[in-house]
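Residue numbers (the numbering used here): 28 to 197. The beta carbon of each residue, even a glycine, is placed where N, CA and C say it ideally should be.
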């Protein structure tokens, strides 16, 4: 009789565990739902809330194809909407570290150099970033842009011959 009560108690606990698992696993959102919510929030200029949704994708679904896109979206918002250059740089670095073999990683690496050159004005770090980029991705479509950036690093638009016609309105 005692064994029967123990068995019944264990069976009830197992059933409760299974039911709890089924309920909570059915309630979890998919990364696409967080993505759609983030896009909607950013359109409403609710940048921090949008970033929270993108971050959730990156942290909870790191192997999903939306994870790296979410990280790029966060970096873009930090750079262009919130003027938080340090956070943008940190995210681009994290992309390079977390996804070294992704076809998107070169873009993140290029953006690190671009931000150092054009936003931070730390030309030594920009130079190193661009040189590392060219060394690692010599055939990438952005390699020519990195070489161009290196050539005119630290110069104003007026000092760049190719752009003088543009700046003078010709």
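Neighbourhood of residue i by C-beta, 6 Å cutoff - its chain only, sequence neighbours within 5 removed
{"i": "residue 100", "result": "81"}
{"i": "residue 128", "result": "none"}
{"i": "residue 98", "result": "85, 118 and 122"}
{"i": "residue 61", "result": "80, 83 and 84"}
Under 8 Å between C-beta atoms of residue i and residue j
{"i": "residue 143", "j": "residue 153", "result": "yes"}
{"i": "residue 95", "j": "residue 122", "result": "yes"}
{"i": "residue 179", "j": "residue 187", "result": "yes"}
{"i": "residue 173", "j": "residue 157", "result": "yes"}
{"i": "residue 176", "j": "residue 126", "result": "no"}
{"i": "residue 133", "j": "residue 93", "result": "no"}
{"i": "residue 159", "j": "residue 112", "result": "no"}
Limits of the alpha helix (DSSP H) - the one that residue i falls within
{"i": "residue 88", "result": "Looking at the DSSP string, residue 88 is not in any alpha helix (DSSP H), and its letter there is neither H nor E."}
{"i": "residue 118", "result": "112-125"}
{"i": "residue 139", "result": "132-142"}
{"i": "residue 146", "result": "No alpha helix (DSSP H) holds residue 146; DSSP gives it neither H nor E."}
{"i": "residue 60", "result": "58-70"}
{"i": "residue 177", "result": "170-178"}
Status (buried if at least 16 other CB within 10 Å, exposed otherwise) for residue i
{"i": "residue 183", "result": "exposed"}
{"i": "residue 89", "result": "exposed"}
{"i": "residue 109", "result": "exposed"}
{"i": "residue 150", "result": "exposed"}
Sequence-distant residues of its chain with Cβ nearer than 8 Å to residue i (five each side left out)
{"i": "residue 189", "result": "none"}
Contacting residues, own chain, Cβ-Cβ under 7 Å from residue i (five flanking each side not counted)
{"i": "residue 77", "result": "65, 68, 69 and 104"}
{"i": "residue 114", "result": "105"}
{"i": "residue 74", "result": "104, 108 and 109"}
{"i": "residue 139", "result": "116, 119, 120 and 156"}
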